[in-house]
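2 protein chains.
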Amino acid sequence: MRWSSFYHTASRVFHEYPSWSKCVVVCTVISGGGLVSYGDAGPVQSEYANQSQKKKVVVLGTGWAGTSFLKNMKSSSYDIHVVSPRNYFAFTPLLPSVTIGTVEARSIVEPIRSVARKSGVNIQFSEAECYKIDPKNNKVYCRAGQDKKLGGLEEFSIDYDYLVIAMGARSNTFNTPGVEEHAHFLKEVEDALRIRRKVIDLFERASLPTLPVEEKKKLLSFVIVGGGPTGVEFAAELHDFVHEDISKLYPSLKEYVKITLLEAGDHILNMFDKRITEFAEGKFQRDGIDVKLGSMVVKVSEKEISAKERGTGQVVSLPHGMVVWSTGIGARPELLDFMKQIGQINRRALVTDEWLRMEGYDNIYALGDCATINQRRVMEDIAVIFSKTDKNNSGTLDLKEFQDVVGDIIERYPQVEIYLKKNQMKDIATLLKQSQESSVSVNIEFFKEALSKVDSQMKNLPATAQVAAQQGEYLADCFNRMELCEKYPEGPLRFRGTGRHRFHPFRYKHFGQFAPLGGEQTAAQLPGDWISIGRSSQWLWYSIYASKLVSWRTRTLVVSDWGRRFIFGRDSSRI
Amino acid sequence: MRWSSFYHTASRVFHEYPSWSKCVVVCTVISGGGLVSYGDAGPVQSEYANQSQKKKVVVLGTGWAGTSFLKNMKSSSYDIHVVSPRNYFAFTPLLPSVTIGTVEARSIVEPIRSVARKSGVNIQFSEAECYKIDPKNNKVYCRAGQDKKLGGLEEFSIDYDYLVIAMGARSNTFNTPGVEEHAHFLKEVEDALRIRRKVIDLFERASLPTLPVEEKKKLLSFVIVGGGPTGVEFAAELHDFVHEDISKLYPSLKEYVKITLLEAGDHILNMFDKRITEFAEGKFQRDGIDVKLGSMVVKVSEKEISAKERGTGQVVSLPHGMVVWSTGIGARPELLDFMKQIGQINRRALVTDEWLRMEGYDNIYALGDCATINQRRVMEDIAVIFSKTDKNNSGTLDLKEFQDVVGDIIERYPQVEIYLKKNQMKDIATLLKQSQESSVSVNIEFFKEALSKVDSQMKNLPATAQVAAQQGEYLADCFNRMELCEKYPEGPLRFRGTGRHRFHPFRYKHFGQFAPLGGEQTAAQLPGDWISIGRSSQWLWYSIYASKLVSWRTRTLVVSDWGRRFIFGRDSSRI
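Top line first, the protein sequences correspond to chains A and B. Counted the way numbering that gives the first Met the number 0 counts, the first sequence spans residues 0 to 574. Counted the way numbering that gives the first Met the number 0 counts, the second sequence spans residues 0 to 574.
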């Protein structure tokens with residue numbers, strides 16, 4: 000979800016200004032049963048023959064993965080049709096700032112049509128929801144316009160040659176009763192705007208002259224569930240808002256505000272280094288934010304939230320004016336249907352191989368929060384790895400044979416490298432050598448044993464914007480070089496099959512993570528175990544976020560929002 | 000309604016920065032039946048005795064009139080309690096710009112609490128609706144928090160010593176069937192935001208691949224009803240949006256867009272000079288905006304609008320994707336009840352005297368769009384005017400007697416002056432002299448006859464922001480000097496009573512009017528019959544609107560919105 004981080008690709012990816020002349024998006028859509036030719040500008044007929052030979056790529060979703068894919072598409076040998084219920088891309092890491100008006104919602108969104116126009120390739124967009132995928136017939140079914148006044152439901156289907164699923168995920172309630180009805184989520188721009196209105200509503204309500212103090216206190220009890228970066232940042236922003244702005248405009252109410260953060264685990268920000276966790280917990284304590292660790296929410300009602308304390312086993316109830324729920328993600332219902340249909344049952348996301356392809360479907364890709372990469376285990380393939388490496392079929396591997404293939408092994412099974420690093424071994428030969436002397440010559444049994452532990456190093460990628468953006472970029476790069484790589488494959492050896500894979504597998508590079516803690520304090524965890532906390536990180540955070548914003552427009556707007564907040568404070572108008 | 004105009008008071012009124020220390024708003028509210036002491040900061044008890052001697056002023060509404068009143072209050076001898084369903088002031092002349100994103104909604108609003116804080120006097124605010132006024136017991140009844148999740152309806156009453164009614168008006172549908180259900184109004188910020196979303200919805204819907212061309216054309220038929228400044232400006236803004244932004248992002252749809260403006264009268268902008276009207280009609284014709292004059296809308300349905308053409312008497316139906324209704328204003332339902340209660344039946348607004356006091360209620364004031372001034376007729380008072388002027392009771396007036404009182408007559412009955420100006424008479428003596436020679440000496444019959452026509456010059460003030468703002472400023476000035484003027488009345492002679500009126504009556508100064516026509520063209524009609532059309536007026540418009548914005552914050556934001564629009568275009572994200 001979050002993308003608190005990084006130092007890379009930035010400018011190249013985000014600064015491109017396109018040739019303005021290439022606005023012609025022409026594409027053919029077979030729908031319902033009839034053939035409908037649909038032109039988005041200019042002379043349609045003349046280009047039709049030409050167009051129809053292009054491969055049709057359907058992209059579902061305009062979040063980090065989908066948008067990053069679109070931005071990086073360079074090849075004009077595809078007709079791209081994007082389908083999403085949202086006609087814009089949102090820079091989600093700033094959503095917590097939108098909730099209380101540090102940054103305006105409009106400043107962090109970019110219409111997907113401008114993104115498409117700037118990329119300079121043929122991209123058509125439909126504001127619709129995909130409700131069914133038919134992988135056998137290469138078709139997706141979409142519906143649009145739930146608003147009756149616009150003409151009601153409009154359903155259509157689109158054929159594809161390649162399908163890119165980047166539909167994201169939804170907030171996970173873990174089936175806790177009352178969460179859907181009474182809690183706010185913080186995943187979409189609409190969520191952030193709803194929270195903003197609600198916060199102001201609460202303060203206005205608490206200002207009414209007849210309201211007893213007890214009632215004011217209940218209204219101004221804000222409870223945040225989930226101590227991940229989003230929850231922590233929202234708590235920090237809310238605290239800043241109360242102390243910087245509310246205290247001036249609603250001076251009598253400040254003392255009644257209570258912010259509580261419930262975390263089921265032992266610590267907040269548990270994906271961060273211990274030093275950051277400790278600092279954050281300390282800062283929140285000083286700020287008066289009540290952090291309750293080991294609190295597992297069991298029920299949310301209209302005015303109360305109940306949590307079970309792990310230590311005592313007791314269920315404690317708190318009154319609340321607002322609950323913000325930010326505990327993790329789950330699969331979207333549309334995708335659950337699809338997963339059932341293709342036999343991926345009981346998975347939290349669509350399973351792909353290391354090239355982001357859906358298992359069993361060569362022309363369907365899934366990326367971002369809706370997907371998870373099923374990294375192949377070394378032990379599954381140990382026999383074929385051995386036999387491929389043992390070129391002379393001697394039954395043993397010598398160093399020479401081994402060195403020919405070691406690169407491919409490490410590329411295909413990245414857990415090997417992680418294991419070596421973790422155990423401070425220089426290379427795979429060291430692993431195999433162990434007690435033996437200079438020359439390496441091992442049989443399959445020994446080989447199996449030596450590699451038996453590497454699979455324990457496999458980890459799922461985090462569901463962050465950083466991962467999604469890298470996947471989108473990777474996939475676009477594959478599409479751009481599809482023809483070339485068909486001829487000259489660049490990937491590792493196929494251990495099970497023959498020849499090489501067309502592409503290098505996707506490899507995630509972690510560029511670190513930020514956690515804004517309020518009051519100009521930000522914690523940063525950067526690669527190489529580098530930790531930084533304080534004002535300097537805040538400025539690093541400002542500058543990196545600004546540089547990663549999707550366009551010059553959003554960049555200018557967000558920076559001017561920050562400036563405005565410094566000068567004028569946040570706006571408390573209830574619109 | 001609109002406030003397209005002016006060159007005055009500006010900086011003094013809007014630039015004030017308050018002493019930040021005076022945030023203490025303490026006030027006593029008797030509610031329900033019990034006495035509730037309500038403090039908005041600091042030590043309540045010690046100031047209580049002091050506070051309770053202050054006069055309680057309740058202000059209903061935070062529009063132009065109410066906010067202008069608050070901004071100009073300087074006297075600390077009042078406790079002011081503001082009640083409004085909106086906790087912000089909106090700069091309504093820019094609403095048409097908000098509808099399509101030339102300016103952001105947040106940029107034109109200012110929280111009423113910051114306005115109050117900056118004014119430096121004791122102001123308390125409650126976000127609530129006044130649903131009943133009880134003038135006999137000096138009480139208003141309010142309700143707040145219709146949202147059940149916040150605790151449902153909260154009702155309370157407030158006592159007042161003075162009541163200032165500035166609740167504005169609502170759009171007038173003239174009971175045309177279907178308008179409430181199927182048309183958009185353009186009076187509130189919410190209206191503008193709804194229109195913005197709807198416009199984008201329509202373009203997204205029309206982009207769906209399966210939609211037939213006929214349907215696209217219907218969806219993109221925008222019909223604006225009412226050729227006043229708001230309707231004209233919205234039509235112009237929409238046209239700009241289509242040609243500057245939509246044509247880039249939805250290139251294939253541009254040709255299907257049709258903008259129609261229906262006006263029941265003979266011309267659009269009929270309150271403006273003929274030259275402006277002609278220019279506007281010509282420009283709209285060149286732009287392809289279809290202006291249908293003499294078209295009286297008789298029905299609006301979900302997908303069609305029917306209008307009767309005055310010339311032919313035929314009823315013509317047009318398909319529409321969206322109707323924006325902007326034909327004038329009517330009284331709010333809450334005020335209709337109140338008007339019934341106090342016997343003001345069949346009036347379009349609350350009737351006040353020339354000091355903005357409700358007729359029959361010395362401590363209730365009404366201003367802005369919800370009020371209308373009932374200017375006293377000369378002919379009603381002609382006998383008392385004559386006898387007051389005839390000091391020596393001679394039965395005739397001579398020049399000397401007349402000159403003593405002429406100033407008071409003109410101040411009390413401004414229609415006299417307008418009549419003189421219109422008939423190019425130097426002064427009232429000229430009027431009386433007529434055929435007679437040097438010395439004026441007239442009897443009552445002659446006096447009556449000479450003044451018999453002046454009442455024909457009485458006109459209601461237009462329902463504009465300019466009038467409302469001047470009324471708010473005027474009333475605040477009266478309140479600020481209430482004690483002084485009780486002792487030393489400064490107003491004209493009371494012809495019916497004895498002594499003088501405390502204050503000068505309210506006198507409206509018209510500073511001209513703007514009508515933005517799109518494409519950087521603005522028509523300006525300034526006092527002294529000065530007409531200006533074109534780019535220079537556009538810059539005049541920019542600079543005056545910027546200078547009149549309510550705070551430095553809104554000023555900065557609006558100007559940066561304009562800049563952003565020039566550089567990046569408007570945002571078409573649907574949020």
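Glycine residues also receive a C-beta, built at the ideal position from the N, C-alpha and C atoms.
Exercise. Does any C-beta atom of chain B lie closer than 7 Å to the C-beta of residue 143 of chain A?
Worked result: By one-based count along the first sequence, residue 143 of chain A stands at place 144. Closer than 7 Å: yes.
Problem set entry | chain A within 7 Å of residue 108 of chain B, Cβ atoms only | As a first step, residue 108 of chain B is located in the second sequence; it is residue number 109 there, counting from the start. Output row for residue 108 of chain B: interface = yes.
For this session: Answer yes or no: does any C-beta atom of chain A fall closer than 7 Å to that of residue 317 of chain B?
Result: One-based indexing of the second sequence puts residue 317 of chain B at position 318. Taking Cβ atoms only, chain A never reaches closer than 7 Å to residue 317 of chain B, which makes this a no.
Exercise. When the cut-off is 7 Å and only beta carbons count, does residue 574 of chain A lie next to chain B?
Worked result: If you number the first sequence from 1, residue 574 of chain A lands on position 575. Chain B, which has a Cβ nearer than 7 Å to the Cβ of residue 574 of chain A, makes this yes.
For this session: Assign residue 353 of chain B to buried or exposed, taking buried as 16 or more other Cβ atoms, counted over all protein chains shown, within 10 Å of its Cβ.
Result: Along the second sequence, one-based indexing puts residue 353 of chain B at 354. Residue 353 of chain B is buried by the Cβ-count criterion.
Problem set entry | 8 Å contact criterion, which residue 377 of chain B and residue 414 of chain B should meet: CB distance rounded | In the second sequence, counting from the first residue as 1, residue 377 of chain B sits at position 378. In the second sequence, counting from the first residue as 1, residue 414 of chain B sits at position 415. That pair is a contact at about 7 Å.
Exercise. For residue 67 of chain B versus residue 53 of chain B, is the C-beta distance shorter than 7 Å?
Worked result: The count along the second sequence starts at 1 and reaches residue 67 of chain B at position 68. The count along the second sequence starts at 1 and reaches residue 53 of chain B at position 54. In this structure, residue 53 of chain B does not lie closer than 7 Å to residue 67 of chain B by Cβ.
Exercise. Count the other CB atoms within 10 Å of the CB of residue 336 of chain B; is the residue buried (16 or more) or exposed (fewer)?
Worked result: Reading the second sequence from its first residue, position 337 is the one you call residue 336 of chain B. Exposed.
Problem set entry | Beta-carbon contacts of residue 195 of chain B that lie in its chain and below 8 Å, excluding the five residues immediately before and after | The residue you call residue 195 of chain B lines up with position 196 of the second sequence. Cβ within range, chain order: 97, 98, 99, 100.
For this session: Quick one: which unbroken alpha helix (DSSP H) runs of 4-plus residues sit fully inside the segment 480-554 of chain B? Chain order, please.
Result: 481-486, 534-547
Problem set entry | residue 427 of chain B versus residue 326 of chain B: straight-line alpha-carbon distance, rounded | One-based indexing of the second sequence puts residue 427 of chain B at position 428. One-based indexing of the second sequence puts residue 326 of chain B at position 327. Using only the alpha carbons, I get a separation of about 39 Å.
Exercise. How many angstroms separate the CA atom of residue 362 of chain A from the CA atom of residue 356 of chain A?
Worked result: Here residue 362 of chain A refers to the residue found at position 363 of the first sequence. Here residue 356 of chain A refers to the residue found at position 357 of the first sequence. Taking the straight line joining both Cα atoms gives about 7 Å.
Exercise. Does the distance from the C-beta atom of residue 199 of chain A to that of residue 188 of chain B stay below 7 Å?
Worked result: On the first sequence, residue 199 of chain A is found 200 positions in, with the first residue counted as 1. On the second sequence, residue 188 of chain B is found 189 positions in, with the first residue counted as 1. No, Cβ-Cβ distance for residue 199 of chain A and residue 188 of chain B is not below 7 Å.
Problem set entry | Between the CA atoms of residue 165 of chain A and residue 63 of chain A - distance to the nearest angstrom | Taking the first residue of the first sequence as position 1, residue 63 of chain A is located at position 64. Taking the first residue of the first sequence as position 1, residue 165 of chain A is located at position 166. Going from the Cα of residue 63 of chain A to the Cα of residue 165 of chain A covers about 8 Å.
For this session: On a CA-only basis, which of B:291, B:243, B:343 is nearest residue 264 of chain B? Give me that one, please.
Result: Counting from 1 along the second sequence, the entry for residue 264 of chain B is found at position 265. Nearest of B:291, B:243, B:343 to residue 264 of chain B, Cα basis: B:291.
For this session: Can you grab the Cα-Cα spacing for the pair residue 642 of chain A / residue 334 of chain A, in whole Å?
Result: Because chain A here runs from 0 to 574, residue 642 of chain A falls outside it and cannot be looked at.
For this session: Could you work out which residues of chain A lie near residue 146 of chain B, taking near to mean beta carbons separated by less than 8 Å?
Result: As a position in the second sequence, residue 146 of chain B is number 147, starting the count at 1. Simply 200.
Exercise. For chain D, is any of its Cβ atoms less than 7 Å away from the one on residue 104 of chain B?
Worked result: This model lacks chain D altogether, as its protein chains are A and B.
Exercise. For residue 214 of chain A, which of A:184, A:192, A:243, A:255 has the nearest alpha-carbon?
Worked result: Within the first sequence, the letter at position 215 stands for residue 214 of chain A. Considering only alpha carbons, the answer is A:255.
Exercise. Using the C-alpha atoms, what's the distance from residue 285 of chain B back to residue 300 of chain A?
Worked result: Within the first sequence, numbered from 1, the residue matching residue 300 of chain A stands at position 301. Within the second sequence, numbered from 1, the residue matching residue 285 of chain B stands at position 286. So the two alpha carbons sit approximately 60 Å from each other.
For this session: Closer than 6 Å by C-beta to residue 138 of chain A: which residues in its own chain qualify, once you throw out the five before and the five after it? Chain order, please.
Result: Within the first sequence, the letter at position 139 stands for residue 138 of chain A. Excluding sequence neighbours, residue 138 of chain A sits near 156, 158.
Exercise. If the cut is a Cβ gap below 8 Å, which residues of chain B does residue 255 of chain A touch?
Worked result: Here residue 255 of chain A is taken as the residue at index 256 of the first sequence, counted from 1. Those do not exist, as residue 255 of chain A stays about 12 Å from chain B at its closest Cβ, beyond 8 Å.
Exercise. Taking Cβ positions only, does residue 480 of chain A come closer than 7 Å to chain B?
Worked result: Here residue 480 of chain A refers to the residue found at position 481 when the first sequence is read from its first residue. Answer no: the Cβ-Cβ gap between residue 480 of chain A and chain B never drops below 7 Å.
For this session: Name the one or two DSSP bridge partners that residue 80 of chain A has.
Result: For the purposes of this step, residue 80 of chain A is taken as the residue at position 81 of the first sequence. In DSSP, residue 80 of chain A forms a bridge with A:57, A:123.
Problem set entry | Short Cβ contact (7 Å threshold) for residue 381 of chain A with residue 452 of chain A | Counting from one through the first sequence, the residue named residue 381 of chain A turns up at place 382. Counting from one through the first sequence, the residue named residue 452 of chain A turns up at place 453. Cβ distance not < 7 Å, so residue 381 of chain A and residue 452 of chain A don't count as in contact.
Exercise. Could one say the Cβ of residue 32 of chain B lies closer than 7 Å to chain A's Cβ atoms, at least one of them?
Worked result: The residue you call residue 32 of chain B lines up with position 33 of the second sequence. Low confidence applies to residue 32 of chain B: its pLDDT is 30, below 50, so where it sits in the model is not reliable enough to give any reading.
For this session: For residue 418 of chain A, count neighbouring C-beta atoms within 10 Å of its own C-beta (all shown protein chains included) and say buried if the count is 16 or more, exposed if not.
Result: Looking up residue 418 of chain A in the first sequence gives position 419. Buried.
Problem set entry | Which residues DSSP lists as bridging residue 87 of chain B, in chain order | In the second sequence, residue 87 of chain B corresponds to position 88, counting from 1. Partner(s): B:110.
Problem set entry | Test: residue 149 of chain B CB closer than 7 Å to a CB of chain A | As a first step, residue 149 of chain B is located in the second sequence; it is residue number 150 there, counting from the start. Judged by the 7 Å Cβ criterion, residue 149 of chain B is in contact with chain A.
Problem set entry | Sequence-distant residues of the same chain with beta carbon closer than 7 Å to residue 392 of chain B, five excluded per side | Here the question's residue 392 of chain B lines up with position 393 in the second sequence. None.
Problem set entry | Cβ-based neighbour list, residue 467 of chain A, same chain, cut-off 6 Å, excluding 5 preceding and 5 following | Looking up residue 467 of chain A in the first sequence gives position 468. Within the same chain, residue 467 of chain A has close Cβ partners 63, 64, 367.
For this session: Answer yes or no: does any C-beta atom of chain B fall closer than 7 Å to that of residue 570 of chain A?
Result: Your numbering for residue 570 of chain A matches position 571 in the first sequence. Cβ-Cβ to chain B under 7 Å: yes for residue 570 of chain A.
Exercise. Would you report the Cα separation of residue 83 of chain A and residue 56 of chain A, rounded to the nearest angstrom?
Worked result: By 1-based counting over the first sequence, the position of residue 83 of chain A is 84. By 1-based counting over the first sequence, the position of residue 56 of chain A is 57. C-alpha separation (whole angstroms): 14 Å.
Exercise. Using CA coordinates, which residue listed in A:340, A:399, A:348 is at the minimum distance from residue 135 of chain A?
Worked result: Position 136 of the first sequence holds residue 135 of chain A. For the residues A:340, A:399, A:348, the minimum Cα distance to residue 135 of chain A belongs to A:340.
For this session: Name, in chain order, the residues that DSSP records as bridge partners for residue 442 of chain A.
Result: In the first sequence, the residue the question calls residue 442 of chain A occupies position 443. Answer is A:395, bridged to residue 442 of chain A.
Problem set entry | Option nearest residue 460 of chain A by Cα separation, candidates A:553, A:246, A:211, A:506 | Against the first sequence, residue 460 of chain A aligns to sequence position 461. The candidate whose alpha carbon is nearest that of residue 460 of chain A is A:506.
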